[in-house]
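J.: Mind looking over this structure? Questions follow.
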Amino acid sequence: MATITIDGIRLEVQDNKSVLDCALEAGIYIPHLCHHPDLSEHGSCRLCIVDVEGEENVVASCILRAKEGLNIRTNSERIGKLRNLALELLLAGHPEDCSTCPKYGNCELQTLIQYMGATNSRMRARIKGFKSEERNPLFIHDMNRCVLCGRCVRACGELREVSVLQYNKKELETYVGTVHDKLLKDADCRFCGACAEVCPTGTIRDKTQLLSSSSSKEEALVPCRAQCPAHTDVP
Ligand code: FES
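Using my numbering, count along the sequence shown one by one with no gaps and you end on 279.
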């Protein structure tokens, strides 16, 4: 065990546990997106950054490990500015049509936008121009809505050990696809639904709603929202 301090609150936590998990379990909400409780940490969205006493640079709390005496702040002025900037960078490549997105009202990115009070990005909007892929059974895959959190790639590789999904590149744009951009049905996909279940945005969607009603034989994943105790406090 280790004693750490988060925003002045002393906590007894498991040594080496992620500081983000320690905070969430104690009911201290730190915004996060690429983190999912069933997956390894990615550390890419930078929304979970915190100030660490004695460190000059901010650190992503999902990859920061608890150790005796660690003292962090989750909500300093500097953190607020940098966190807003991280969200703006995510939004710069994301469509603004939330109200017509099928994931409206059930989107983790939308929840974060509301929680952090960001309405748009000061960055110039990038038009990704991907065609929504609707030819696969069960899933719609709309890469225009992807924020590259990597949850789907990790779910496919770590949880299902299939690794059908990977990062591909088209000119300057990185996207999630398959080897040689094959359709999922031609790429050894088992259609377990893990990618759609962990996707925080409307990128990979279950078009039948069958997976969520247990057509998958494999263990169902619980959305981050349901496992994250502090999510209930997010408006
Ligand atoms: Fe920590 Fe994304 S949740 S960097």
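Even glycine gets a Cβ: it sits at the ideal position worked out from N, Cα and C.
#1: Assign residue 210 to one of three DSSP states: helix, strand, or coil.
#2: How close, in whole Å, do the beta carbons of residue 170 and residue 136 come, if the pair is a contact with beta carbons under 8 angstroms?
#3: Which whole-angstrom value describes the C-beta separation of residue 234 and residue 204, a residue pair presumed to lie in contact below a C-beta threshold of 8 angstroms?
#4: Can you give me the Cβ contacts of residue 50 inside the same chain, cut-off strictly under 6 angstroms, excluding the 5 residues immediately before and after it?
#5: Restricting to Cα atoms, I'd like to know which of 130, 239, 57 is closest to residue 112.
#6: Using DSSP's beta-bridge definition, name the partner residues of residue 115.
#7: Excluding five sequence neighbours on each side, which residues of the same chain lie with their C-beta closer than 8 angstroms to the C-beta of residue 52?
#8: Could you check how far apart the C-beta atoms of residue 95 and residue 122 are, in whole angstroms? I think they sit under 8 angstroms.
#9: With distances taken from CA atoms, which of 155, 63, 211 is nearest residue 246?
#10: Using a Cβ distance threshold of 8 angstroms, determine whether the stretch 220-228 contacts the stretch 177-186, with at least three qualifying pairs required.
#11: Name the two residues that bound the continuous beta strand (DSSP E) containing residue 122.
#12: At what residues does the beta strand (DSSP E) containing residue 252 begin and finish?
#13: Residue 224 to residue 177, Cα distance in whole Å?
#14: Going by the C-beta, is residue 104 closer than 7 angstroms to any heavy atom of ligand 1?
#15: Going by the DSSP bridge assignment, what does residue 55 pair with across the sheet?
#16: Here's a check: name, in chain order, each residue in its chain whose Cβ is nearer than 8 angstroms to the Cβ of residue 232, leaving out the five neighbours to either side.
T.: From the atom records:
#1: Residue numbering aside, residue 210 sits at position 166 when the sequence shown is read from its first letter. If DSSP states are grouped into helix, strand and coil, residue 210 belongs with the strands.
#2: Taking the sequence shown and counting its residues from 1, one reaches residue 170 at position 126. Taking the sequence shown and counting its residues from 1, one reaches residue 136 at position 92. The Cβ separation is near 6 angstroms, so the contact holds.
#3: To locate residue 234, count along the sequence shown from 1; it is residue 190. To locate residue 204, count along the sequence shown from 1; it is residue 160. About 7 angstroms; that satisfies the 8 angstroms criterion.
#4: Position 6 of the sequence shown, counting from 1, holds the residue named residue 50. Result list for residue 50: 67, 72, 116, in chain order.
#5: The count along the sequence shown starts at 1 and reaches residue 112 at position 68. Ranking the options by Cα distance to residue 112, first place goes to 57.
#6: For this step, residue 115 is matched to residue 71 along the sequence shown. Paired residues: 49.
#7: Taking the sequence shown and counting its residues from 1, one reaches residue 52 at position 8. Excluding positions up to five away in sequence, the list is empty.
#8: One-based indexing of the sequence shown puts residue 95 at position 51. One-based indexing of the sequence shown puts residue 122 at position 78. Taking a contact as a CB-CB distance under 8 angstroms, the pair residue 95 and residue 122 counts as one, their CB atoms being some 7 angstroms apart.
#9: Here residue 246 refers to the residue found at position 202 of the sequence shown. Out of 155, 63, 211, 155 has the C-alpha closest to the C-alpha of residue 246.
#10: yes
#11: Locating residue 122 in the sequence shown gives position 78, where the first residue counts as 1. Run containing residue 122: none in the beta strand (DSSP E); it sits in the alpha helix (DSSP H), 121-136.
#12: As a working mapping, residue 252 is identified with position 208 in the sequence shown. Unbroken run through residue 252: none, as it is neither H nor E.
#13: Counting from one through the sequence shown, the residue named residue 224 turns up at place 180. Counting from one through the sequence shown, the residue named residue 177 turns up at place 133. About 15 angstroms.
#14: Here residue 104 refers to the residue found at position 60 of the sequence shown. The answer is yes for residue 104.
#15: Start at 1 with the first residue of the sequence shown, and residue 55 comes out as number 11. Beta-bridge pairing links residue 55 to 48.
#16: Position 188 of the sequence shown, counting from 1, holds the residue named residue 232. The answer, listed in chain order, is 206, 208.
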